[in-house]
Amino acid sequence: MDQDTFWSNFANKERKTYLCYEVELLDGNSWVLLEEGRGFLHNQLRRHAELCFLDRVPSWQLDPAKRYRVTWLLSWSPCTDCARDLVTFLQHNSHVSLRIFTARIYTYLKGYEEGLRSLQGAGAHLAIMTSTEFEHCWGTFVHNQGTPFEPWNGLDENSQEESMKLQRILQNEDN
DNA sequence: ATTTTCAAT
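For the first sequence, numbering that gives the first Met the number 0 begins at 0 and goes up steadily by one.
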């Protein structure tokens, strides 16, 4: 993606969701990136980014006898409806594990808390992006032209704040 | 108005 896309979607809030993904195969005790296993996408009209990703899954022709790991860097966390579809996907694809790093929590649609909890219940790992993941995103998915990642003001504070919100949600406390 | 919330209602 270009640098502007990164800044407006990951560092700032945009009315769009970007999803960067890496699909890896477990080989012995190390994870190996699949060919074409790395990329990014964004939501389409009335189709959230998560479902756009699921549309792409068949293209990898994953072998059910092997183990895979999918890692996402998401600009907004999944809504309830997406979470439900992802849970179904995970239940039907036990050879795939999912790790979601999100820049922030999408609170706009009701029931998002339950959705996030159900994802965790289905075995997905959920975490807020820290400077480590933002840097990885910048270094891997952005046409950075050799420019090193520059953390913006408040990155760590925001990340920690969102992280605390996420922990409260996952622990089923009120917020 | 506590902020640019995957167009939802």
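Beta carbons: idealized from backbone N, C-alpha and C, even for Gly.
#1: For Gly236, does the count of other Cβ atoms within 10 angstroms reach 16, so buried, or fall short, so exposed?
#2: Got a sec? Which residues, its chain only, sit under 6 Å from Ser74 by beta carbon, not counting five neighbours each side?
#3: May I ask which residues mark the beginning and end of the alpha helix (DSSP H) holding Phe130?
#4: Compare the Cα-Cα distances from Pro147 to each of Glu161, Phe88, Ser158 and Thr131 and report the closest residue.
#5: If you compare alpha carbons, which of Gln43, Gln2, Ser58 and Ala48 is closest to Glu35?
#6: Quick one: Cα of Ile104 to Cα of Val86, how far?
#7: Give the DSSP bridge partners of Trp30, in chain order.
#8: Determine the DSSP secondary structure at Asp173, reduced to helix, strand or coil.
#9: Using a Cβ-Cβ cutoff of less than 8 Å, which residues in the same chain neighbour His124 once the five nearest sequence positions on both sides are dropped?
Once the coordinates are examined:
#1: The displayed coordinates of the chain run from 0 to 174. Any statement about residue 236 would go beyond what the structure contains.
#2: Asn8, Phe9, Thr16, Tyr17 and Ala102
#3: Inspection of the sequence shows that residue 130 is occupied by Ser rather than by Phe. Unbroken alpha helix (DSSP H) run through Ser130: Ser130 to Phe140.
#4: Thr131
#5: Ser58
#6: 18 Å
#7: Leu25
#8: For Asp173, the predicted structure reports a pLDDT of 49, less than 50, and the residue's modelled location is therefore unreliable. A value from the coordinates is still provided. The answer is coil: DSSP assigns Asp173 none of H, G, I, E or B.
#9: Ser96, Leu97, Arg98 and Ile99
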